[in-house]
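Each remark here refers to the structure printed beneath this line.
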Amino acid sequence: MKSILSVASTALLSALGLISTTMAAPAPAAAWNGSHDVMDFNYHESNRFEMSNWSNGGMFNCLWTPNNDSFENGKLKLTIDRNGSGYTCGEYRTKNYYGFGMYQVNMKPIKNPGVVSSFFTYTGPSDGTKWDEIDIEFLGYDTTKVQFNYYTNGVGNHEHVHYLGFDASQGFHTYGFFWSRNSITWYVDGKAVYTAYSNIPDTPGKIMMNAWCGTGVDDWLRPFNGRTQISAYYDWVSYDAPRN
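Heads up: the sequence shown runs through residues -24 to -1, 1 to 220, numbered per mature numbering (1 follows the signal peptide of the UniProt record, and there is no 0).
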């Protein structure tokens, strides 16, 4: 961390479970206590969210379809399935764009080789901007780990794998990242676990979640076994704007 937290701020954050006393956070909570937006998933809010309905192609071995986005017991359910044409997947995204701030999700990923369950921000050519992205990704072959990554103007290769100490597919946990102009710090259950400082993205993006099966990326995801009707679950998402 480049700046030093006051003793009082550190004590408060630790008491609130926002940081670990053994890990530096990028900024005290006061830095992101601007507007607070919690998004739950009791039903589809069409004024705030959209369901993807197209194919990305490439390594995404499925068609995004709204049929795979559903709501059960107050949670968003994104499913990998199959129809007569091939595999189908689910993707859910905000209509608005969000910039620097604190992003969090309470979720449970899929445990299965060859699949990804994710939470991320994205903007790119389809939005009329450069490709900027910040990722939290669960690779289904080993859900005791989570992968962090980001892209700045299409340049990635910033992957970092964090060992969780639990199996994320067995229950809901909170994951997040605090994005500032000079750094990104990722969190697990309120504790800072990793910070990146190099070539940080700066373009506001949509908040997105998806679950998909891969092709041609077996070294990364392991071979997909064709299993269908498997789902990632999302309880809530939140965004806290930085303080002006």
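Positions of the beta carbon are idealized from the N, C-alpha and C atoms, including for glycine.
Compute the Euclidean distance between the alpha carbons of Arg24 and Phe95, then round it to the nearest angstrom. Indexing the sequence shown from 1 puts residue 24 at position 48. Indexing the sequence shown from 1 puts residue 95 at position 119. Approximately 17 Å, taken between the alpha carbons.
Entirely within the region 122 to 150 and at least 4 residues each: give me those alpha helix (DSSP H) ranges in chain order. none
Length-filtered (3 minimum) beta strand (DSSP E) runs lying within the region 29 to 70: Complete beta strand (DSSP E) runs here, min 3: 45 to 48, 51 to 59 and 62 to 70.
Determine the DSSP secondary structure at Tyr209, reduced to helix, strand or coil. Within the sequence shown, the letter at position 233 stands for residue 209. For Tyr209, the three-state secondary structure derived from DSSP is strand.
Closer than 7 Å to a non-hydrogen atom of the ligand FMN - does that hold for the CB of Trp196? This structure lacks the ligand FMN, and indeed carries no ligand of any kind.
Please check the pair Ala187 and Ser93, which I expect to be a contact at CB under 8 Å, by giving their CB distance rounded to whole angstroms. Residue mapping note: residue 187 aligns to position 211 of the sequence shown, counting from 1. Residue mapping note: residue 93 aligns to position 117 of the sequence shown, counting from 1. So it is a contact: roughly 5 Å between Cβ atoms.
Check this for me: beta carbons of residue 227 and Thr64, under 8 Å apart or not? The structure shown does not extend to residue 227, since the chain is modelled only from -24 to 220, so the question has no answer here.
For Trp107, three-class secondary structure by DSSP: For the purposes of this step, residue 107 is taken as residue 131 along the sequence shown, with counting starting at 1. The answer is coil: DSSP assigns Trp107 none of H, G, I, E or B.
Identity of the residues DSSP links to His12 by a beta bridge: Position 36 of the sequence shown, counted from the start, is the residue given in the question as residue 12. Answer by DSSP bridge pairing, in chain order: Asp216.
Only counting the same chain, and skipping five residues up and downstream in sequence, which positions put a Cβ closer than 8 Å to that of Pro89? Taking the first residue of the sequence shown as position 1, residue 89 is located at position 113. Contacts found: Gly116, Tyr117, Leu197, Arg198, Pro199, Phe200 and Asn201.
Only counting the same chain, and skipping five residues up and downstream in sequence, which positions put a Cβ closer than 7 Å to that of Arg203? By one-based count along the sequence shown, residue 203 stands at place 227. Answer for Arg203: Asn88, listed in chain order.
For Trp162, count neighbouring Cβ atoms within 10 angstroms of its own Cβ and tell me buried if that reaches 16, exposed if not. Your numbering for residue 162 matches position 186 in the sequence shown. So Trp162 counts as buried.
Three-state class that DSSP yields for Ala(-1) in the structure shown: Along the sequence shown, one-based indexing puts residue -1 at 24. Any reading at Ala(-1) needs caution, since the residue's pLDDT is 33, under 50, leaving its predicted position unreliable; the model's value is listed next. Coil at Ala(-1), not helix or strand.
From Ile206 to Gly192, what distance separates their C-alpha atoms? Within the sequence shown, residue 206 is the residue found at index 230, counting from 1. Within the sequence shown, residue 192 is the residue found at index 216, counting from 1. Looking at the two C-alpha atoms, the distance is approximately 21 Å.
On the DSSP letters alone, give me the boundaries of the alpha helix (DSSP H) that Asp165 sits inside. Reading the sequence shown from its first residue, position 189 is the one you call residue 165. Unbroken run through Asp165: none, as it is neither H nor E.
Straight-line CA distance for Asp143 to Asn59? For the purposes of this step, residue 143 is taken as the residue at position 167 of the sequence shown. For the purposes of this step, residue 59 is taken as the residue at position 83 of the sequence shown. Approximately 30 Å, taken between the alpha carbons.
Nearest residue (CA-CA) to Gly34, options Lys51, Tyr209, Cys189 and Gly147: Your numbering for residue 34 matches position 58 in the sequence shown. Checking every option, the nearest Cα to that of Gly34 belongs to Cys189.
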